[in-house]
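The next block holds one structure in the form of structure tokens; read it before the comments.
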Amino acid sequence: MTSQRRNHWDNVYTTKPADTVSWFQDDPTPSLNMIAQTGVGTGDPIIDIGGGASVLIDRLLDRGHSAVTVLDIAEAGLAVAKQRLGARAGRVTWIAQDVTAWQPPKDAFSIWHDRAVFHFLVEEADRVAYVRALDQGVRTGGFVILATFTLSGPERCSGLPVRRCSAELLQAELGPRYRLIEQRLQTHVTPSGNHQDFIWCLFKKTPTSAAAEP
Ligand SMILES: C[S@@+](CC[C@H](N)C(=O)[O-])C[C@H]1O[C@@H](n2cnc3c(N)ncnc32)[C@H](O)[C@@H]1O
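Position 154 (the sequence shown) corresponds to 161 in our numbering; numbering is contiguous.
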């Protein structure tokens with residue numbers, strides 16, 4: 008499955024200019040606002056899962072974030088971001104990996120950010136593997152930002168089926184250790200002018216003992 012997925016996404020990034028794909032946004036304000044809301048410091052480690060060619064990494068560096076990682080299955084997507092960043096690319100940790108097969112360092116991240124990746128995991132086994140990686144990588148007290156197509160959003164993206172989510176569905180995937188802090192609806196306007204409804208959720212990873220609390 009991984010190689011099929013990798014081929015799909017590498018092909019996207021090698022055949023389409025990054026600013027023409029439906030998920031392109033030149034202003035990642037929804038992500039930046041939620042990241043700011045966590046209150047984490049600029050030295051705290053942040054990972055952008057499935058960041059691809061997103062300009063979020065540029066904006067994080069602009070704001071002084073110094074411990075930033077971008078993971079993506081598509082080497083070609085990361086290559087676009089690296090080329091755009093030039094010398095600044097050296098300040099980023101780049102990981103070319105399928106997140107569902109990844110073993111992150113334990114408790115490595117204060118923020119796990121994912122815009123428009125989790126909804127491609129239409130098989131339960133992939134979602135379970137994703138959450139296992141997330142749970143290993145996010146430290147207690149850390150935050151998870153998930154942005155997916157919501158129930159009124161598109162049923163497909165990039166020619167692939169997606170699983171649309173609500174905050175309740177995302178909560179059920181993550182389990183009780185992850186406390187929902189905030190949910191927001193947002194409409195993304197694609198470069199061709201289509202509207203796509205997203206749900207943005209911010210979760211905080213609680214200590215094991217807090218999971219039983221109401
Ligand atoms: C719709 S794009 C979103 C890109 C970026 N997050 C953004 O907001 O611009 C989905 C991204 O997820 C990556 N991706 C898809 N499946 C993945 C997986 N299993 N593991 C890691 N990355 C994946 C793709 O290569 C692509 O860059």
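For each residue, glycine too, the CB sits at the ideal point set by N, CA and C.
query	result
Integer-rounded CB distance, given that I53 should sit under 8 Å from F116	7 Å
Buried versus exposed, by CB contacts within 10 Å (16 or more), V106	buried
Per DSSP, the bridge partner or partners of P168	R163
Distance, G148 Cα to R170 Cα	28 Å
Option nearest V196 by Cα separation, candidates A179, E189, I188, F205	F205
Selection from R70, G166, L167 that minimises the alpha carbon distance to P35	R70
T27 vs P183 beta-carbon contact at 8 Å	no
Ranges of the beta strand (DSSP E) found wholly within the segment 93-128, counting only runs of at least 3	99-103, 116-122
C-beta atoms of L209 and I188 nearer than 8 Å	yes
Strand pairing of I56, partner residues [DSSP]	L78, D121
Inter-residue Cα distance where the pair is T215 and G200	44 Å
N- and C-terminal bounds of the alpha helix (DSSP H) containing Q32	Per DSSP, Q32 belongs to no alpha helix (DSSP H) and is neither H nor E.
DSSP bridge partner residues for L153 (one or two, in chain order)	D121, C208
R186, enclosing alpha helix (DSSP H) - first and last residue	Unbroken run through R186 is the beta strand (DSSP E), 185-196; no alpha helix (DSSP H).
Cβ-heavy atom distance, R134 to ligand 1, below 7 Å	no
C-alpha gap between A136 and E130, whole angstroms	10 Å
V99 vs T76 beta-carbon contact at 8 Å	yes
Proximity below 8 Å, CB of D79 to CB of G93	no
Collapsed DSSP secondary structure at R146 in the structure displayed	strand
Contact test: S129 Cβ vs ligand 1 heavy atom, cutoff 7 Å	Looking at the sequence provided, one finds Val at residue 129 rather than Ser. Every heavy atom of ligand 1 is 7 Å or more from the Cβ of V129, so no.
Bounding residues of the alpha helix (DSSP H) (the contiguous stretch that carries L177)	174-181
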